[in-house]
Every structure is written in C-alpha cells, then in structure tokens.
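The structure under discussion appears below in the form of structure tokens.
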Amino acid sequence: MALKIEDLPSAIRQAKRTLRAALPNYREVFAEVEESIGAEAQRIAAQRDRGEDVIPEIQFSDITEQRVTADQVALVKARGACVIRKVFPRALVQGWDEDIAHYVDRNNLDKHLENRAEDKYFGQLASSKPQIYGVYWSKPQVLARQSAALTEARVFLNRLWRNESEGRVHFDPERVPAYADRLRRRPPGSASLGLSAHCDGGSVERWIESNFRQVYRHVFAGNWRDYDPFDAAFRPDVEEIASPAVCSMFRTFQGWTALTPQGPGDGTLQLVPIANSMAYILLRALQDDVDEDDLCGAMPGRALSIKPEFHAPLFEALSSIPKMEAGDTVFWHSDVIHAVEDEHKGTGYSNVMYIASAPACAKNDAYLKRQLPSFLKGESPPDFPADHFEVDFTGRATVDDLTPLGNAQLGFDL
Numbered sequence: 013m014a015l016k017i018e019d020l021p022s023a024i025r026q027a028k029r030t031l032r033a034a035l036p037n038y039r040e041v042f043a044e045v046e047e048s049i050g051a052e053a054q055r056i057a058a059q060r061d062r063g064e065d066v067i068p069e070i071q072f073s074d075i076t077e078q079r080v081t082a083d084q085v086a087l088v089k090a091r092g093a094c095v096i097r098k099v100f101p102r103a104l105v106q107g108w109d110e111d112i113a114h115y116v117d118r119n120n121l122d123k124h125l126e127n128r129a130e131d132k133y134f135g136q137l138a139s140s141k142p143q144i145y146g147v148y149w150s151k152p153q154v155l156a157r158q159s160a161a162l163t164e165a166r167v168f169l170n171r172l173w174r175n176e177s178e179g180r181v182h183f184d185p186e187r188v189p190a191y192a193d194r195l196r197r198r199p200p201g202s203a204s205l206g207l208s209a210h211c212d213g214g215s216v217e218r219w220i221e222s223n224f225r226q227v228y229r230h231v232f233a234g235n236w237r238d239y240d241p242f243d244a245a246f247r248p249d250v251e252e253i254a255s256p257a258v259c260s261m262f263r264t265f266q267g268w269t270a271l272t273p274q275g276p277g278d279g280t281l282q283l284v285p286i287a288n289s290m291a292y293i294l295l296r297a298l299q300d301d302v303d304e305d306d307l308c309g310a311m312p313g314r315a316l317s318i319k320p321e322f323h324a325p326l327f328e329a330l331s332s333i334p335k336m337e338a339g340d341t342v343f344w345h346s347d348v349i350h351a352v353e354d355e356h357k358g359t360g361y362s363n364v365m366y367i368a369s370a371p372a373c374a375k376n377d378a379y380l381k382r383q384l385p386s387f388l389k390g391e392s393p394p395d396f397p398a399d400h401f402e403v404d405f406t407g408r409a410t411v412d413d414l415t416p417l418g419n420a421q422l423g424f425d426l
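In the working numbering, the protein residues as written are 13 to 426.
See the structure below:
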C-alpha cells in the first residue's frame, strides 16, 4: 500500500511531538550519537586519506567457495557496503555493453529522451541530473538479473540480514525477485551530471509512518546502540509515499554492475560507509534548531537529502568507491548515504546496470505482480516514470530469453 499524507506540515509537527514525548532526553541521546558516528566518520576519512580501502572488497570466487571470513562479514555489516569482484567474466560484460549501445542507438533512444517524463525524485538535490536512461528490458539487463552468478551473490547478501526476529520470519533470503531498474551511460567529460548525497527507500515516512518507526524503534527509544541495520523486522511492512522512482520493494542492498572500467574521478559512486548513520539522520531532525514543520529538508516522494548544514559530520566519510572493472559489482545497504560525482574526468564511458539485491516476501511478491505486465508489454515498471520507451523497441528481451530462474524471479509462478 502507498502512504498518503494530506497535511504534511501538520503531520511533521505531530510526529515530532510524539517522538520527543517518547524520548524526553532527545538532545542528550543525539549528542551521544553525534560523538560516536562523528568519530567513526573521522576514522574512515583518515583511512581513506592514507590511500587505504574503506569499502570492503570480496572476491566472488570466495563466495562460491564459501571462503568469506567472519571478519569480512563484520566489516561489510559495519560499513553497510561492499564491492564483489569478478561476478561476471570481463569479455561477457564488454559484449553486453556493446549490445546495449546498439540497442539504444538503433531504437533512437536519444529522440525518446527529449520527451521523457520528469520523475522529480532527485529534483531538490543540489546536483540532480544523473545520466540515467529509462531502459529496463534490454537483453543484457534481463540476462544479468537472471544469471546464476549474480543470484548467488545476492543470496549471500540477503543472508547477511536477520530474516527472523520479533517472533516472525520476515523474508526468504534464498529467493531473489527481479527488480527491473535502469542504466547509466556516462560519457567522459560530462560535468554537472552527478547526484548530491541522499538516501533512498523513504523520506518523511521514516518519522511519520508507523512501521518505519518500528524499524527504528531502538533509535526512537534512545537505545540507539541496540539498533541493528540488518534486522529486517518491520521493513517489509513499511508504506512509502508513491512517486516515480520511489522504490516500493524491500531491497536488502541497492547495487549496480560495472559495464566498463571506472574509478574515482570517473563520475562514479560515492558512499558514506557507516551502516548505522540513519540513527544520526533520524535524531538530527528532532533537534531544536530544526523548524517544527521540517525534517532537515526531507520532502515526500523524493530522495532523502543529506545536507551539509544539518549533517556535516557525515560528509567527512563521503568516499568514492574503488576502481571497478567490467563485471565487478557494488552493493550498499538500503539506508546508506550515497552520491554520484558531479564530473567525469576519465577517458572512457562510465556505464552501469542498476541491479539490487532483494529477497522474497509478501511486499516484493505484490510488486512482482504489478511489474510482470510491464515486462510483457515492454513498458516502464510501476516504480518509474511512465515513459514506456521500449514498447516498440527492436531487440527487446521477451519470454523466450528467460531461463527457468528468470521466470521465477519475474514472478511467473506467483
């Protein structure tokens, strides 16, 4: 279900009254959070500035051979992100990148883009023009989503979560539904095509909607050290405000697969690799210097903006991901702050396929039933602007391109 809020300023004022009444010492608790997370951000910044990796890296072969260590898992859960190397052979992915280029060129996608719908999702961010194409059903995208390799990587990521708590089983980590998302194709030399720091998966809802409050129950009760970002309790039950580009699936990790080599300076992804930074964001909005009808600039149906004037300590840790090769993947927890570099200073295209990790649950099964007709007709999926560019595209993926796993992941058996 989608959440509807008729009078947002009133709803925010009421939410703040309720949350402060339940946490009278909200100032003192936030001071603790600020000190702890601020110190962690400084440690990460120092590590980054020494040239050390701050985003954990795992070899895909270590996942398949079950060689990932407990220390590696602990670091991924602390940082809320990881790079998984060599999920796909480089030559295969280079072929996919060429196939996508032919697909968008022969179907004159550039002409279609002149009339694309404005999703406005990133509109309030200072930098808000990512080079993202509303293409979902090219054969390489469909083949990548249904691949056994990427499925195994995503099952590994799903298992990092507590899928059973509060007396309930929240999801099945072994089943990986397909969430059709877009492409980024970014030419070298492009500037002002980045994204400012933000979080996806809910904005004002995090303070207002009852299940979101339960997700963050420990934070709002002042027991923020008990908050586990990887406890799935209540997450599949949250209700988002519907808007184009607002994800209505429960994703354990957002992610993308590199189609081309890219690294720092190439207009690539940046992360604040602190998994529990949401505790800071949530409590920051309750402080007395924020207007009573404001949540640090959060807007309904938009990305949750992270702003220097409210969240300065977190920006210390904002770090570009390491150099990626074609076939490598990167994943970040659905609450992790991320951004995209404004300028691409490299020499080659910086291309990715957005493919997240999501588990099977009632919320996600319901989305699959809405998404499946989009695949069959070549339309844009329900969560995205209704451009429907691909309806008449030559070479679009069809049911004939699906494996049995692909059929299941798209929900044909639901």
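Glycine included, each C-beta is placed from N, C-alpha and C at the ideal position.
Starting from the C-beta of residue i, find all residues in its chain whose C-beta is less than 7 Å away, skip the five residues before and the five after it, and write them out in chain order.
i, result
"residue 165", "72, 75, 96, 99 and 341"
"residue 319", "308 and 309"
"residue 337", "102, 270 and 273"
"residue 53", "286, 325, 326, 328 and 329"
Below 6 Å CB to CB, which residues in the same chain sit around residue i once its five sequence neighbours on both sides are set aside?
i, result
"residue 155", "none"
"residue 382", "394"
"residue 106", "338"
"residue 357", "277"
Can you find the residues in the same chain that come closer than 8 Å, C-beta to C-beta, to residue i, ignoring five residues on each side of it along the sequence?
i, result
"residue 299", "38, 39 and 42"
"residue 334", "65, 67, 69, 95, 275 and 276"
"residue 35", "41, 232, 233, 234 and 298"
"residue 295", "38, 41, 42, 45, 231 and 236"
"residue 417", "158, 160 and 163"
"residue 32", "38 and 298"
"residue 347", "92, 211, 213, 241, 287, 289 and 290"
Which class does residue i belong to by DSSP, given the choice of helix, strand or coil?
i, result
"residue 243", "strand"
"residue 350", "strand"
"residue 390", "coil"
"residue 93", "strand"
"residue 10", "Here the chain comprises residues numbered 13 to 426, so residue 10 is not present and cannot be evaluated."
"residue 343", "strand"
"residue 145", "strand"
"residue 298", "coil"
"residue 209", "strand"
"residue 413", "helix"
"residue 289", "helix"
"residue 258", "coil"
"residue 372", "strand"
"residue 22", "helix"
"residue 181", "strand"
"residue 139", "coil"
"residue 400", "coil"
For residue i, which beta-bridge partners are listed by DSSP?
i, result
"residue 174", "243"
"residue 366", "268"
"residue 332", "282"
"residue 69", "95"
"residue 274", "336"
"residue 317", "210"
"residue 408", "150"
Using alpha carbons as the reference points, say which of the options lies closest to residue i.
i, options, result
"residue 343", "45, 88 and 355", "88"
"residue 133", "410, 214 and 283", "214"
"residue 390", "235, 149 and 116", "149"
"residue 256", "232, 312, 278 and 32", "312"
"residue 190", "405, 413, 369 and 228", "369"
"residue 434", "405, 419 and 314", "Past the edges of the chain, shown from 13 to 426, lies residue 434, and the structure says nothing about it."
"residue 57", "227, 317 and 327", "327"
"residue 173", "92, 22, 106 and 268", "92"
"residue 396", "371, 345 and 259", "259"
"residue 360", "198, 420, 383 and 125", "198"
"residue 243", "178, 107 and 293", "178"
"residue 135", "247, 423, 279 and 206", "206"
"residue 61", "408, 329 and 404", "329"
"residue 354", "201, 63 and 182", "201"
"residue 196", "356, 363 and 410", "363"
"residue 182", "168, 249 and 222", "249"
"residue 77", "220, 379, 168 and 358", "168"
"residue 115", "377, 426, 151 and 49", "151"
"residue 225", "290, 180 and 208", "290"
"residue 139", "423, 85 and 208", "208"
"residue 55", "412, 331 and 422", "331"
"residue 203", "21, 352, 48 and 424", "352"
Roughly how far, in whole angstroms, is the beta-carbon of residue i from the beta-carbon of residue j, given that I think they are within contact range, below 8 Å?
i, j, result
"residue 350", "residue 283", "5 Å"
"residue 17", "residue 253", "7 Å"
"residue 402", "residue 25", "Their Cβ separation, rounded to whole angstroms, is 44 Å, which puts residue 402 and residue 25 out of contact at 8 Å."
"residue 247", "residue 216", "In fact, because the Cβ distance is near 17 Å, the residues do not count as touching under 8 Å."
"residue 406", "residue 119", "6 Å"
"residue 144", "residue 194", "5 Å"
"residue 373", "residue 265", "Not quite, the Cβ-Cβ distance comes to about 15 Å (not below 8 Å), so this is no contact."
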